[in-house]
Amino acid sequence: MSNPNPSSPIRIAPSILAANFSRLGQEVTDAIEAGADWVHLDVMDGHFVPNITFGPDVVKSLRPLTDAVFDCHLMISPADTYLEAFAKAGADIITVHAEAGAHLHRSLQAVRALGKKAGVAINPATPESAIEYVLDSVDLILVMTVNPGFGGQKYVEATTEKIRRVRRMIGDRPIDLEVDGGITAETIAVPAGAGANVFVAGSAVYKGAGLADYRANIEALRQAAEATRR
Ligand code: DX5
Ligand code: ZN
1 MSNPNPSSPI RIAPSILAAN FSRLGQEVTD AIEAGADWVH LDVMDGHFVP NITFGPDVVK
61 SLRPLTDAVF DCHLMISPAD TYLEAFAKAG ADIITVHAEA GAHLHRSLQA VRALGKKAGV
121 AINPATPESA IEYVLDSVDL ILVMTVNPGF GGQKYVEATT EKIRRVRRMI GDRPIDLEVD
181 GGITAETIAV PAGAGANVFV AGSAVYKGAG LADYRANIEA LRQAAEATRR
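Its first residue numbered 1, the sequence shown is counted upward by one per residue in my numbering.
Encoded structure:
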């Protein structure tokens, strides 16, 4: 398999959803120490998705621990009301769901006006046409490879073709193509071969006893993704 856009660097973004929340700070610094590129922060509201996680105060409390990119995935509706709070809390990338509000373009403009990188996420059932007219307003596209809400789910195969189409839509724009859900050392080659370059992984990173295991887990993901580019 060859990647249609080998110039965009591979990034591994552990999702802290699978971390031990009783020692969250250590889990974040361990993941970075273990070789992670970004920290993926899953914000859920119990309304847009059937689960509740954390809000801006948790992001703010983690911020002093690392300079790594904070990749905030907002699974909340409405999102607009909270964009400023996440920006102030220290998010670097703020991703809103295309399904979460009626005015996606406005939400993305608002993120950029706050000085942050703007991401748009689409659920497995949402076609890539939903983001066709916001391509010049985004820095990242997140193609969900499971239905959002929970970690540890199985990669939805039907999303692979969509990843390929989104990579084609991106063309030579400087947009990262991220995938999230069911990404493991066994599955990562499929979205990587289809053109994704940022890989969120929760359970595949935070399994085992700590730093040494996390390092091996991240390395296995990275190698399997990079193998698709050779
Ligand atoms: C799901 C979240 C994911 C989740 C991924 O709604 O957006 O980031 O943590 O978990 P795994 O990697 O275990 O599928
Ligand atoms: Zn996520």
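Yeah, the Cβ is synthetic: ideal placement off N, Cα and C, and Gly gets one too.
In the DSSP output, what is residue i paired with across the bridge?
{"i": "residue 119", "result": "95, 140"}
{"i": "residue 106", "result": "Beta-bridge pairing links residue 106 to no other residue."}
{"i": "residue 52", "result": "45"}
{"i": "residue 70", "result": "39"}
{"i": "residue 75", "result": "44"}
If you reduce the DSSP assignment to three classes, tell me which class residue i lands in.
{"i": "residue 183", "result": "coil"}
{"i": "residue 114", "result": "coil"}
{"i": "residue 205", "result": "coil"}
{"i": "residue 12", "result": "strand"}
{"i": "residue 20", "result": "coil"}
{"i": "residue 157", "result": "coil"}
{"i": "residue 199", "result": "strand"}
{"i": "residue 176", "result": "strand"}
{"i": "residue 151", "result": "coil"}
{"i": "residue 216", "result": "helix"}
{"i": "residue 194", "result": "helix"}
{"i": "residue 131", "result": "helix"}
{"i": "residue 90", "result": "coil"}
{"i": "residue 145", "result": "coil"}
{"i": "residue 228", "result": "helix"}
{"i": "residue 125", "result": "coil"}
{"i": "residue 34", "result": "coil"}
{"i": "residue 25", "result": "helix"}
{"i": "residue 163", "result": "helix"}
{"i": "residue 188", "result": "coil"}
{"i": "residue 100", "result": "coil"}
Could you give the distance in angstroms between the alpha-carbon of residue i and the alpha-carbon of residue j?
{"i": "residue 40", "j": "residue 25", "result": "13 Å"}
{"i": "residue 150", "j": "residue 136", "result": "30 Å"}
{"i": "residue 58", "j": "residue 15", "result": "14 Å"}
{"i": "residue 215", "j": "residue 229", "result": "22 Å"}
{"i": "residue 210", "j": "residue 227", "result": "26 Å"}
{"i": "residue 50", "j": "residue 44", "result": "8 Å"}
{"i": "residue 2", "j": "residue 193", "result": "Unreliable placement is indicated for residue 2, whose pLDDT of 44 sits below 50; the coordinate value is still reported in the next sentence. Cα to Cα, residue 2 sits roughly 6 Å from residue 193."}
{"i": "residue 27", "j": "residue 18", "result": "10 Å"}
{"i": "residue 111", "j": "residue 77", "result": "15 Å"}
{"i": "residue 83", "j": "residue 208", "result": "34 Å"}
{"i": "residue 108", "j": "residue 73", "result": "13 Å"}
{"i": "residue 95", "j": "residue 212", "result": "30 Å"}
{"i": "residue 202", "j": "residue 152", "result": "7 Å"}
{"i": "residue 21", "j": "residue 55", "result": "14 Å"}
{"i": "residue 53", "j": "residue 42", "result": "7 Å"}
{"i": "residue 67", "j": "residue 31", "result": "13 Å"}
{"i": "residue 132", "j": "residue 169", "result": "8 Å"}
{"i": "residue 9", "j": "residue 46", "result": "34 Å"}
{"i": "residue 97", "j": "residue 36", "result": "24 Å"}
{"i": "residue 189", "j": "residue 63", "result": "31 Å"}
{"i": "residue 164", "j": "residue 195", "result": "6 Å"}
{"i": "residue 142", "j": "residue 11", "result": "13 Å"}
Can you determine whether any heavy atom of the ligand MG sits closer than 7 Å to the C-beta of residue i, and answer yes or no?
{"i": "residue 79", "result": "With respect to small molecules bound, the structure shown includes the ligand DX5 and the ligand ZN and not the ligand MG."}
Inset, instruction - Decide if the segment 93–113 is in contact with the segment 68–82; the criterion is three or more beta carbon pairs, one per stretch, under 8 Å apart. - result: Contact between the segment 93–113 and the segment 68–82 is present, with at least three C-beta pairs closer than 8 Å.
Inset, instruction - Please list, following the chain, all residues that have a C-beta closer than 6 Å to any non-hydrogen atom of the ligand ZN. - result: Taking every residue with its beta carbon within less than 6 Å of a heavy atom belonging to the ligand ZN gives, in chain order, 15, 40, 42, 73, 180, 200.
Legend entry - the segment 180–190 / the segment 127–136 touching (three or more Cβ pairs under 8 Å): Contact between the segment 180–190 and the segment 127–136 is absent, with fewer than three C-beta pairs closer than 8 Å.
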